[in-house]
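Numbering (my numbering), first residue to last: 5 to 335.
Beta carbons: idealized from backbone N, C-alpha and C, even for Gly.
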């Protein structure tokens with residue numbers, strides 16, 4: 005971020021005069037990157053990203069046929085198109101390095117690119133409207149916290165389905181590098197030209213909604229991560245669990261006793277608050293809440309099927325202890 009502010013090279017003109025003689029020169033100077041350029045050329049940037057995703061996916065597919073590659077169960081069907089999309093290799097790395105392509109792409113370029121685009125849209129709104137709206141400040145703050153949280157809690161993704169189960173093919177490559185930065189920043193882009201003029205009271209209400217969602221999301225994920233690392237740790241040793249025949253433990257109290265996907269609920273509430281910053285005059289900014297609800301329901305169904313296969317009868321017993329999927333007592 006510092007590079008964006010002081011690391012952009014450009015030539016500026018300097019002039020000096022001696023009596024009636026004027027001398028004009030150019031010199032190299034460092035300043036802020038004109039981020040409004042990203043807004044003005046967003047389509048071209050997106051197209052280049054899609055091409056990059058195809059190239060990287062092709063490389064990963066070819067690499068997955070090398071000797072010793074650890075293949076993902078879902079991307080090793082024998083159907084070239086399907087395997088290319090799903091990803092054959094589970095955690096592709098360079099043979100001479102521990103650099104993990106999947107973990108890197110899950111967190112670094114897409115999430116940071118999303119944040120940079122948001123800042124670009126903020127700068128562009130200032131150029132277009134002459135001010136930065138409260139809605140724009142909130143959406144940049146909300147999504148900035150989300151990106152920071154993901155990067156700060158990096159080790160938590162090591163137990164997610166994307167890392168442990170799915171292969172790294174076009175689905176995740178495009179999702180990480182293209183879909184996330186260019187669609188998750190939709191609210192900020194919308195606000196460039198469409199400030200809803202929300203009152204301070206409305207903005208404070210949206211802030212409360214976001215804080216509520218973040219509290220559920222972070223508390224639930226932290227509880228699960230702490231329990232997986234050490235079930236006897238002071239902060240989680242009070243939790244009740246179901247001992248499975250596989251030797252693993254399924255939490256049946258605390259956040260994870262309330263609902264099997266309680267973290268998804270918090271995540272969706274946060275997403276809804278992002279959409280609310282755009283007001284209520286258009287459904288376009290609410291695309292994220294709609295899309296994300298479909299994604300989370302589908303992912304929960306996938307996860308339920310895989311857990312049934314993994315745990316067998318223990319999973320049925322677990323669902324008796326935790327019957328609700330998203331909202332305790334309701335759903």
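Exposure label - residue i; buried when at least 16 CB within 10 Å
i, result
"residue 74", "exposed"
"residue 139", "buried"
"residue 233", "exposed"
"residue 185", "buried"
"residue 239", "exposed"
"residue 55", "exposed"
"residue 85", "exposed"
"residue 108", "exposed"
"residue 225", "buried"
"residue 235", "exposed"
"residue 99", "exposed"
"residue 249", "exposed"
"residue 269", "buried"
"residue 156", "exposed"
Residue from the options whose Cα sits closest to the Cα of residue i
i, options, result
"residue 154", "205, 112, 291, 235", "112"
"residue 278", "218, 320, 310", "218"
"residue 314", "281, 79, 252", "252"
"residue 183", "332, 37, 57, 40", "57"
"residue 173", "68, 318, 203, 211", "68"
"residue 65", "37, 97, 52, 45", "97"
"residue 306", "164, 119, 37, 158", "164"
"residue 118", "179, 106, 78", "179"
"residue 63", "78, 43, 92, 82", "92"
Coarse secondary structure for residue i, derived from DSSP in three states
i, result
"residue 31", "strand"
"residue 104", "strand"
"residue 329", "coil"
"residue 282", "coil"
"residue 289", "helix"
"residue 223", "helix"
"residue 48", "helix"
"residue 236", "coil"
Residues bridged to residue i (per DSSP)
i, result
"residue 255", "245"
"residue 313", "Answer is none; residue 313 lacks a bridge partner."
"residue 13", "34"
Proximity test, residue i beta-carbon vs the ligand MN heavy atom, cut-off 7 Å
i, result
"residue 283", "Summarising the ligand content, the structure contains no ligands, and the ligand MN is consequently not present."
At 4 residues or longer, and completely inside the region 62-133: list those alpha helix (DSSP H) runs for me, N to C.
84-90, 105-111, 113-133
Starting from the N-terminal side, write out each stretch of the beta strand (DSSP E) that is 3 residues or longer and does not extend beyond the region 146-215.
none
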